[in-house]
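K.L.:
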Ligand SMILES: Cc1ncc(COP(=O)(O)O)c(C=O)c1O
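Residue numbers (my numbering): 3 to 388.
(1) Can you say whether residue 149 is buried or exposed, counting buried as having 16 or more other CB atoms within 10 angstroms of its CB?
(2) DSSP three-state label for residue 11, please.
(3) Please name the residue in 375, 387, 354 whose C-alpha comes closest to that of residue 98.
(4) Kindly examine ligand 1 and report whether one of its heavy atoms sits closer than 7 Å to the Cβ of residue 146.
(5) List the endpoints of the continuous beta strand (DSSP E) containing residue 158.
(6) In its own chain, which residues sit with a C-beta less than 7 Å from the C-beta of residue 383, not counting the 5 before and 5 after it?
(7) Going by beta carbon distance, what residues of the same chain come within less than 8 Å of residue 126, once the five residues before and after it are set aside?
(8) Do residue 132 and ligand 1 come close, with the Cβ less than 7 Å from some heavy atom?
(9) To which residues of the same chain is residue 91 closer than 6 Å at the C-beta, ignoring the five residues directly before and after it?
(10) DSSP three-state label for residue 164, please.
(11) By the 10 Å Cβ neighbour count, where 16 or more other Cβ atoms means buried, how is residue 134 classified, buried or exposed?
(12) What three-state label does DSSP hand residue 127 in the structure shown?
(13) Which two residues bound the contiguous beta strand (DSSP E) that contains residue 182?
(14) Please give me, in chain order, every unbroken run of the beta strand (DSSP E) with length at least 3 that falls completely inside the segment 35-82.
(15) Considering residue 282, what are the terminal residues of the beta strand (DSSP E) in which it resides?
(16) Along the chain, where does the alpha helix (DSSP H) that runs through residue 358 open and close?
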């Protein structure tokens, strides 16, 4: 089976992890701060904090931005559930903004329209989570302008997007948002097995998230309510969690980061080749906004169902039967039973509904060979045949 995505682990990665296993620190040693500094420098952010997943990253990002009961968080429905669940963890209400039919990201026009209505109704969101689906950045400048006008905070869920750029600058530099989140799950662009990172240019937010990552505990005398009792002393000054990343994971991440540019370049080669060779088939290939240089975590095609005699399901099944590990990113969140109970109306999200009827993620990973790509193309041609 050719998977839709997979990690690349080299001998250097193995050596880096083994080196940590043989060192004094398995957790809370030098690797985590080194990994944080490496990513902050690479993307141009002032602060980076490694955590044990992007899900944890989203949670502490929302808490640091003050999200709580009575507040609202909006995001795209076409994303992994974690982009929305972070709002519910904080006791806030979650709502969705339909996607742009070309980029499949949260549509700035739909957002503006929904915000205008929400202003009249007194239901404005506190946070909008802009998800860079497949690695393609959202139209961040438009979202930023709306954030200033309507007074909400912006989290970039860049779980798919490390190494990508918006208007020529790396995603994660926080130019148009308050906090950015990366994921290092194995199918993502670089991996630490499980892992994530929050980035911000705001020292106060960084400090808050550092506390939340580790039980709300500080060892900084400046943050304590009274003078330290002694060298053993720490204080819990907030209610936090254990969301820390291990040294093993950070060492793997540092080693993987060395290859990030190469990974993104290879993904772009593969995408260009797909887009060229798929032109002959009844599918829509991913449209790239001119402001965007995607991380290309995923390559999603959409079937032109009017032009073929097969259903979406039949094409999907045929690809799997032919050994192509296709997938579908994502099932619109409002259709998940847990969310459906909240009373969402699918007809409020026509672009997401239509995306879900047609989308298939075909294999895209950095170590994919041209030969494997040819196998995918041949299988797709076969699957689409009448
Ligand atoms: C868009 C998006 N956000 C958040 C997450 C959560 O990432 P993690 O698995 O690191 O918690 C994922 C994972 O698939 C994702 O795709």
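Ideal Cβ placement from N, Cα and C applies to all residues, glycine included. Note that this is a predicted model, so its numbers are computed, not measured.
P.N.:
This is what the structure holds:
(1) Reading the chain shown from its first residue, position 147 is the one you call residue 149. Buried, since its Cβ has 16 or more Cβ neighbours within 10 Å.
(2) Reading the chain shown from its first residue, position 9 is the one you call residue 11. Residue 11 falls in the coil class under three-state DSSP.
(3) Numbered from its first residue, the chain shown carries residue 98 at position 96. Of the listed residues, the one whose Cα sits closest to residue 98 is 354.
(4) As a first step, residue 146 is located in the chain shown; it is residue number 144 there, counting from the start. No.
(5) Position 156 of the chain shown, counted from the first residue, corresponds to residue 158. 155-159 is the span of the beta strand (DSSP E), which, as asked, contains residue 158.
(6) Here the question's residue 383 lines up with position 381 in the chain shown. For residue 383, where only same-chain residues beyond five positions count, the Cβ hits under 7 Å are 283.
(7) Residue numbering aside, residue 126 sits at position 124 when the chain shown is read from its first letter. For residue 126, where only same-chain residues beyond five positions count, the Cβ hits under 8 Å are 74, 117, 120, 152, 153, 154.
(8) Residue numbering aside, residue 132 sits at position 130 when the chain shown is read from its first letter. Result no, Cβ not under 7 Å from ligand 1.
(9) As a working note, residue 91 is residue 89 in the chain shown. Once the five neighbours on either side are set aside, the close Cβ partners of residue 91 are 61.
(10) Residue 164 sits at position 162 when you count from the first residue of the chain shown. Here residue 164 sits in coil by DSSP.
(11) Numbered from its first residue, the chain shown carries residue 134 at position 132. Looking at its Cβ environment, which holds 16 or more other Cβ atoms inside 10 Å, residue 134 is buried.
(12) Locating residue 127 in the chain shown gives position 125, where the first residue counts as 1. Residue state, collapsed to three classes: coil.
(13) Here residue 182 corresponds to residue number 180 of the chain shown, with the count starting at 1. Element bounds for residue 182: 181-185.
(14) 49-53, 74-77
(15) As a working mapping, residue 282 is identified with position 280 in the chain shown. Residue 282 -> no beta strand (DSSP E), and no H or E assigned at all.
(16) On the chain shown, residue 358 is found 356 positions in, with the first residue counted as 1. Unbroken alpha helix (DSSP H) run through residue 358: 352-360.
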